[in-house]
Amino acid sequence: MVEAGPGGVTERFRPTSGRVTGVLALVAVAGIVVLGFVDGFPAPVVAGAVVVGVLAWASMLKPRVIVADRRLVLRNMLETTSIPLAAIEELAVRQVLAVRVGEKRYVSPAVGRSWRNTLKSSKRPAATDGDGAAPRKDPAYADVVEARIRQLVDDDRAQRGIERYSPEADALAAEVRRTPAWTELALLAAALVAFVVTLLV
Numbered sequence: 001m002v003e004a005g006p007g008g009v010t011e012r013f014r015p016t017s018g019r020v021t022g023v024l025a026l027v028a029v030a031g032i033v034v035l036g037f038v039d040g041f042p043a044p045v046v047a048g049a050v051v052v053g054v055l056a057w058a059s060m061l062k063p064r065v066i067v068a069d070r071r072l073v074l075r076n077m078l079e080t081t082s083i084p085l086a087a088i089e090e091l092a093v094r095q096v097l098a099v100r101v102g103e104k105r106y107v108s109p110a111v112g113r114s115w116r117n118t119l120k121s122s123k124r125p126a127a128t129d130g131d132g133a134a135p136r137k138d139p140a141y142a143d144v145v146e147a148r149i150r151q152l153v154d155d156d157r158a159q160r161g162i163e164r165y166s167p168e169a170d171a172l173a174a175e176v177r178r179t180p181a182w183t184e185l186a187l188l189a190a191a192l193v194a195f196v197v198t199l200l201v
C-alpha cells in the first residue's frame with residue numbers, strides 16, 4: 001500500500017505469514033474466555049488463554065514493515081525500530097527480513113519466506129528470457145518487498161548525496177530509534193500476573 005505523505009512516500013508491506021494462525025488463536029482464546037464466564041471454566045485456564053491471546057496478537061498479527069518519512073519502520077512483537085533509509089548497508093529477506101546498519105542487525109518476522117522457499121531461492125538459478133531458456137516466473141512477494149526497499153534506500157541515499165559505508169551514513173546510523181511496545185508489555189505483564197494469582201488462589 002502506497003500513500004503520499006508530507007515526509008515523502010509511505011508504503012505498508014503486507015505480512016507474509018502468521019495471519020491465519022493468529023486470527024484462529026484469538027478466536028480460540030475468545031471462546032475460552034466466554035466459556036469461562038458462561039460455564040465456569042477454571043480461572044487458571046481462562047487467564048492462561050488470555051496470556052496466549054496477547055502473545056498471539058503481539059507475535060503474529062502486530063508485526064509490520066513500513067517505510068515512512070524516509071525511515072524503515074520495523075514494528076515487532078515488543079518494540080518498534082525506526083531506521084533512516086540511507087543508513088541501511090545491507091538487507092535480505094530469508095525467513096525474516098534482516099537489515100544491517102553499521103555493526104548492528106535488525107530483523108522483522110513480518111516479511112519472510114518459508115524455510116522451503118528460502119532453500120529453493122538459494123539454489124535456483126536466475127530466470128532468463130529468450131529461446132530455449134527457462135520461463136521467467138512472477139517474483140514472490142518477499143522478493144518484491146526486498147527489491148522495493150532496496151530501491152527506496154538507493155533513492156534516499158541519492159537525495160541525501162551520501163554513499164554507502166561513508167562517514168555520513170555512519171552518522172545516520174546513530175539516528176536509529178528503538179521504542180518499547182508499552183501497550184503489549186503492559187497487557188502481557190497483567191495477563192501473567194492474573195495467571196499466577198489464579199494459580200495461587
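Here the sequence shown is numbered in the UniProt record's numbering, starting from 1 and rising by one per residue. Even for Gly, the Cβ is constructed at its ideal location relative to N, Cα and C.
Neighbourhood of residue i by C-beta, 7 Å cutoff - its chain only, sequence neighbours within 5 removed
i: residue 180; result: 78, 79
i: residue 125; result: Below a pLDDT of 50, predicted positions are generally treated as unreliable, and residue 125, at 48, falls in that range; the measurement from the model is reported next regardless. Answer for residue 125: no residue qualifies.
i: residue 83; result: 71, 72, 99, 101, 106, 176
Residue i Cβ short of 7 Å to the ligand GDP heavy atom set
i: residue 27; result: The model on display carries no ligand, and the ligand GDP is accordingly not part of it.
According to DSSP, residues forming a beta bridge with residue i
i: residue 100; result: 90, 105
i: residue 64; result: 75
i: residue 13; result: 65
i: residue 114; result: Beta-bridge pairing links residue 114 to no other residue.
Close beta carbons around residue i, own chain, < 6 Å, minus the five adjacent residues each side
i: residue 18; result: 60
i: residue 92; result: 98
i: residue 153; result: 85, 88
Exposure of residue i, with buried meaning 16 or more beta-carbon neighbours within 10 Å
i: residue 157; result: buried
i: residue 6; result: With a pLDDT of 46 at residue 6, under the threshold of 50, the modelled position of this residue cannot be trusted; read the value that follows with caution. Residue 6 comes out exposed.
i: residue 161; result: exposed
i: residue 65; result: buried
i: residue 189; result: exposed
i: residue 127; result: Residue confidence is low: residue 127 scores 44 on pLDDT, short of 50, so the model does not pin down where it sits. Its coordinate-derived value is still stated next. Residue 127 should be labelled exposed.
Cβ neighbours of residue i in the same chain (closer than 8 Å, five flanking residues each side left out)
i: residue 89; result: 100, 101, 102, 164, 165, 169
i: residue 113; result: 16, 93, 94, 95, 121, 140, 142
i: residue 43; result: 36, 198, 201
i: residue 32; result: 41, 45, 46, 49
i: residue 195; result: 44, 47, 48, 50, 51
i: residue 29; result: 49, 50, 52, 53, 56
i: residue 184; result: 54, 57, 58, 62, 77, 78
Inter-residue spacing [alpha-carbon to alpha-carbon] between residue i and residue j
i: residue 197; j: residue 191; result: 10 Å
i: residue 74; j: residue 201; result: 40 Å
i: residue 155; j: residue 36; result: 54 Å
i: residue 55; j: residue 27; result: 13 Å
i: residue 13; j: residue 38; result: 40 Å
Minimum length 4: unbroken alpha helix (DSSP H) runs contained in the segment 31 to 58 | Listed in chain order, they are 43 to 56.
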